[in-house]
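Residue numbers (this note's numbering), protein chains in the order written: chain A, 1 to 110; chain B, 111 to 224.
What follows is one structure encoded as structure tokens, with my remarks underneath.
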């Protein structure tokens, strides 16, 4: 099972919007609505930001939103803030009780 | 409050074994999906294994046959027994709860080196 493909980096100025893509295949992202997004600050554990493509856990700001089209899922961060600077990973259920993560995107707030 | 606390990491020689523990509080381990996810130094996340509430277990191809996930219901603790360790198993190992990995522990570092 190959990792999902994410851009290595993305950046934006405070207040701007930023979108990160996550490209999989018809065996994972394309067929299951079980795509999640995680935020990870340096030295910290990942934190769930989006699940089931577009749902936000309690406590996650509504600046974070998710979507999916075909084999590609996306995470959009609106109104970028300094604390959004972190690594972001997507993941997808891949069938047969297996999960696959994305390659990760380092987000920089300029 | 849901809490997950991993322990058991350390330095081990190639070919050696190690058992990781994940002590849970605030919920019942045996009633939830519980997974192990690892992250090699400076690298991305990799799903390792899952145990369902019914007891079924599944593994990534990279660890199948070498790692075993289990739980101790009365101790409310998840385990990962790691045998035949290789240098490429060096990573921070996290335990996580739920199908969508909604809760994570702080991780424990495993270093495989001679």
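Glycine included, every Cβ here is placed at the ideal spot set by N, Cα and C.
*Contact check, residue 154 of chain B vs residue 3 of chain A, beta carbons under 8 Å*: With a cutoff of 8 Å on beta-carbon distance, residue 154 of chain B and residue 3 of chain A are scored as near each other.
*Output the boundary residues of the beta strand (DSSP E) element that contains residue 41 of chain A.*
Residue 41 of chain A -> no beta strand (DSSP E), and no H or E assigned at all.
*Where does residue 210 of chain B sit, in a helix, a strand or coil, going by DSSP?*
Coil, per DSSP.
*Determine the direct distance from the alpha carbon of residue 139 of chain B to that of residue 75 of chain A, and round the result to whole angstroms.*
Residue 75 of chain A and residue 139 of chain B have their C-alpha atoms spaced approximately 30 Å apart.
*Compare the C-beta of residue 156 of chain B with all C-beta atoms of chain A and state if any pair is closer than 8 Å.*
Chain A contact via Cβ: present.
*Of all the alpha helix (DSSP H) runs that stay within the bounds of the stretch 26 to 105 of chain A, which reach a length of 4 or more residues?*
Correct list: empty.
*asked:* My output table needs one value for residue 139 of chain B: the three-state DSSP class, helix, strand or coil.
replied: Three-state DSSP puts residue 139 of chain B in a helix.
*Answer with yes or no whether the minimum CB distance from residue 216 of chain B to chain A is below 8 Å.*
At a cut-off of 8 Å, the C-beta of residue 216 of chain B has a neighbouring C-beta in chain A.
*For my contact list, residue 109 of chain A and residue 82 of chain A are in at a C-beta cut-off of 8 Å; report their separation, rounded to the angstrom.*
Your pair residue 109 of chain A and residue 82 of chain A checks out as a contact, with CB atoms roughly 5 Å apart and the cut at 8 Å.
*Skipping 5 residues on each side, what residues in its chain have a beta carbon closer than 6 Å to that of residue 176 of chain B?*
Once the five neighbours on either side are set aside, the close Cβ partners of residue 176 of chain B are 193 and 194.
*Shorter than 8 Å from the beta carbon of residue 168 of chain B to some beta carbon of chain A?*
It does: the Cβ of residue 168 of chain B has a partner Cβ on chain A nearer than 8 Å.
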